[in-house]
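Right, one structure below, let's go through it.
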RNA sequence: GCCUUGGUGGCGGAAUUGGUAGACGCGCUGGAUUCAAAAUCCAGUGAUUGCAAAAUCGUGUGGGUUCGAUUCCCACCCAAGGUACCA
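In my numbering, the protein residues as written are 3 to 1121.
See the structure below:
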């Protein structure tokens, strides 16, 4: 009987599966314990060695807890919607469902082969309709809810409607859009259904909003941030533009404070909590409004070139009603002459008769209010029309206009008009500051260069400089602008703001250290209190008033909050805290500001323009989104012919022919039935990757429930996750969004707890070796040889990329590839990752690389190898040994499919067995630390397994006997029990493996083959190496699985020592050791040490100044 | 820039509340076994000097606290991950 791991592992894996050993029960007298892994995305590359790292750790924990008497829930599933499957579908035309199914099969085989104790009866797949039915259901719940700030929780939108019916919205305190308008109950009840829906959307927890996306016209898709490198698409290098798109958003901002507060009660790693805290970005301060001085520019704002161009187009593109009306109005001459699309101020009017001061406008413009006040302030009479009435009775409309011209309505008195005028003419700058107490120290303001006001306030003489600066800024990334604190740059706009308290003129600058995306994109600069403002002021010679008492600011700003405020009118002499309160009070009194808590967190975009994701349960009636009744869920993903966006840029679902909602039959019907009455278009976006993963941990509790996302009884029993293991890269994605959803579900009383994971551990990632090859950035028709090749040139039919062996680059390319090709200049080449599997013995296997599915675009490329080159996949020149060699650069980085550097665990299982793989991955180092993958040490772990086996089975015979264990044997055992208990509690699995090795080494040396020792040892090791443990347990004579056998109990009595080997140090340096009884007291120890000959030898006649004796620890002789 | 984590032999990594630095494993060297190899077993293995006994140096760098520092404090350097704050 040899240690045949393949046989043993297969045997026990089958046993576990046949006997459902790890099935968790929703009813049990045992205490519950829920161990969860972040479920994997089933990519085509299969499981890599980085995945199991966390899974092995959690599996050890789960198995350990079973031994400790817990009812353990340890499930697994697949986050199976995602981009790679879709990308593959685009490339190969295969349905993502099909490839996903295949990939899952591979994953399952690989997971099974490592021997995880998952309860597979609870498997979930986010892409299965039975699962996403409930994702859609939760989405509907979010749509039907709003966040009430008074109750501090989400409640049903129907409550809100009731309030509107009774009181309008004046008393509503809810998380909502910024641009809310007040309305009365009367007004509410007079609104059309559409208007009501528009207002409610501003409150709902999920809503449609215009959001900017990265649009790549050439690829015809929206790109994720990490698909963009240096402003162009990673694939293909095409330009990317910012484009506005209507998308679903989640009002996560409503939960900002609770997400922050919740962090205090969960045991998650501090760095992870920090990044969530920073992501939410709470800062307390005040909003202050500064008025811009309007001493110049009485003239109306000029339109930019772009706007004029747009105007020309507008004039050509009249609506039917407009065209009809223009036909009537343009014939009027003289004082009654009308112009159309004429600009007044910053507004474009529909029609205007300047001499008679009449404006004719179609209703329904977004900025209608501002238009009215401006037009009226300018003394115009405005006639409002709607399209329908023009189309219906043109003549009546013309009569109406003529009447107005004859009997002009008296417009508001001059005085009010003037007031309004100043209001319109003067711009305002809102700033958020955490130090409103320093407001008297403001000596300039800085706007972000992209701030919308910049173009409006800049003076003519500064315009050119400002424009140049804006252009230069646009090229810099936000990261770059933030990180670079050394370069101080900015431009004065020529405009001034007015200090709200002392009326001083404050110059307005723009500077790229201010980001448009943060706060209001404007800063009130206080150079004496902020180092960056200080540096800016110094650099440009701006005044630096000192508002701190007895503080020298000649060298640097004072950012100390304890400084007392001075030279600040009514707050002089106050400490910061008091001054802040007073200023906020004054700001509120004057109506120019208020105390505010600002969050950096923004509402989360919840749409993707992709195929392979959850469809929304939404159809559009007259352009307004409608939820499909929950009883008709799931709304299944439709079939499409192509997974690319449609020609007119709609998401891939736009290709579906059966994708309309019939409200009569409540079913999905063919698009040709669309009738704008009973059949309406369905939503074309799909949900993002984080939708399905935001609640899956609840589904596992009751995975097969068809009546609810999970039954109440199951939810109440399992409550929450006791241990969650996963990577820290999900800190601000999955881990924040899922907390948000959980809190929402909690508010709706759908789950019993508002934090779903008590404890979380981040496993460190496994690093892999990536291989980079050099490629020209452009395709050329000519192939040029480097000097060691022939001199001839070849002309290609089609232009192709050129790849260069690293050695060629090293030899010739130090000053750029120019020396190699004589045409490809420096900077015109780039690095491309290639899969590690084509990197053999330090060389790239070009022949097979170009056949790879991901490299099809390089099929016809030219590869400059060390001794020749490949053209069109054929080897052209050179026939020596070197000629096929293609070298590349290696780099250690995160192991990931997208980096093509994954290593598959299958080979290791095959060669050494799953138990060895499990132990080895743990033995690599601390769980939480990142470490490079290297199989060098695996033989050591494998030989440990063999040694363990040999303790029980010698010469193929089971040799365990019932003799009494010796003191030493018991000591080894209990030492190990203690260590393993402690290590598991600390998640220090690597040291456990070491202590197993030590134990086995010691027991081997003692020739121990006693049941009293070897039985507990098998249990001890079973969480780590379950297959061998089961087999040994079976050999020991048990027919039941070892999985729930009680864990050995540590007994300290076996570790009691009578002597201690004392290290004897001289001036802190250990010189020799002495065995002494632990019964000795300080004096006795000192005496024994001092009389020892080695001590005398060390002292060489000197008398020690001091002797430090710590009984049981150390002796140190000083002198 | 800032935040987080980390920096210990040739390599992965150990080291209780400050108390014998380098456990355990790999690799390497030598030996046993073998016709030979694999496998297995035994011994050695931080560096320098030395026949040895032993000595000196050594946990990223420089300081400090202490009888004693990988561990605590200060300053700095490097690497990886993240990128929000300072408005």
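Cβ atoms here follow ideal geometry from the backbone N, Cα and C, with glycine treated the same way.
Across the structure, residue 773 and residue 860 are spaced so that their CA atoms are roughly 16 Å apart.
Put simply, the region 147-157 does not touch the region 719-737. Fewer than three CB pairs are less than 8 Å apart. Under the DSSP assignment, residue 742 falls in the alpha helix (DSSP H) whose first and last residues are 736-749. Residue state for residue 376 is assigned as helix, using DSSP reduced to three classes. Within the model, the alpha-carbon separation for residue 975 versus residue 914 is close to 26 Å.
Between the region 161-172 and the region 756-763, the count of C-beta pairs closer than 8 Å stays below three; the two stretches do not touch. Each residue's CA atom was taken as its position, placing residue 750 and residue 713 some 15 Å apart. DSSP places residue 428 outside both helix and strand once states are collapsed to three, so it counts as coil. DSSP lists no beta-bridge partner residue for residue 62.
Here DSSP, grouped into helix, strand and coil, assigns residue 110 to helix.
Residue environment for residue 69: buried (at least 16 other C-beta atoms within 10 angstroms of its C-beta). Look at the beta carbons and you see the region 629-643 touching the region 128-137: at least three pairs across the two are nearer than 8 Å. Runs of the alpha helix (DSSP H) lying entirely within the region 541-598, each at least 4 residues long, are 578-592 in chain order. Contact holds between the region 508-524 and the region 443-458, because three or more Cβ pairs, one in each stretch, are under 8 Å apart. By the Cβ test, the region 454-461 is not in contact with the region 592-601, since fewer than three Cβ pairs between them sit closer than 8 Å. Counting only the Cα atoms, residue 621 lies some 7 Å from residue 663.
A direct Cα-to-Cα measurement between residue 97 and residue 42 gives close to 20 Å. Counted as a single uninterrupted DSSP element, the alpha helix (DSSP H) harbouring residue 134 occupies residues 131-145. Residue pairing by DSSP places residue 610 opposite 688 in a beta bridge.
Given a length threshold of 3 residues, each whole run of the beta strand (DSSP E) inside the region 752-781 is given here in chain order: 762-764, 768-778.
Contact annotation: the region 462-476 touches the region 491-498, with at least three C-beta pairs closer than 8 Å. Taking a C-beta distance under 8 Å as the contact criterion, residue 177 and residue 149 qualify as a contact pair.
Cα atoms of residue 284 and residue 736: separation of roughly 20 Å, rounded to the nearest angstrom. A straight line joining the alpha-carbon of residue 489 with that of residue 512 spans about 14 Å. Note: residue 866 is bridge-paired with 806, 871 in the DSSP secondary-structure output.
Selection 837, 868, 871, 867 evaluated against residue 857 yields 837 as nearest (Cα-Cα).
Within 10 angstroms of the beta-carbon of residue 767 lie 16 or more other beta-carbons, which makes it buried. Short of 6 Å from the beta carbon of residue 10, and not among the five residues preceding or following it, lie these beta carbons of its own chain, in chain order: 1029, 1033. Contact check for residue 116 against residue 916 passes: the beta carbons are separated by less than 8 Å.
Here residue 1025 is buried, its C-beta having at least 16 other C-beta atoms within 10 Å. The beta-bridge partner set that DSSP reports for residue 294 consists of 499.
Secondary-structure assignment with DSSP links residue 1077 through a beta bridge to 1063. Listed in chain order, the non-local C-beta contacts of residue 560 below 8 Å within the same chain comprise 530, 531, 550, 553, local neighbours out to five positions each way being set aside. The C-alpha of residue 77 is placed about 5 Å away from the C-alpha of residue 120. DSSP, reduced to helix, strand and coil, places residue 212 within a strand of the structure shown. In the DSSP annotation of this structure, residue 627 is not part of any alpha helix (DSSP H); the continuous beta strand (DSSP E) holding it starts and ends at 626-629.
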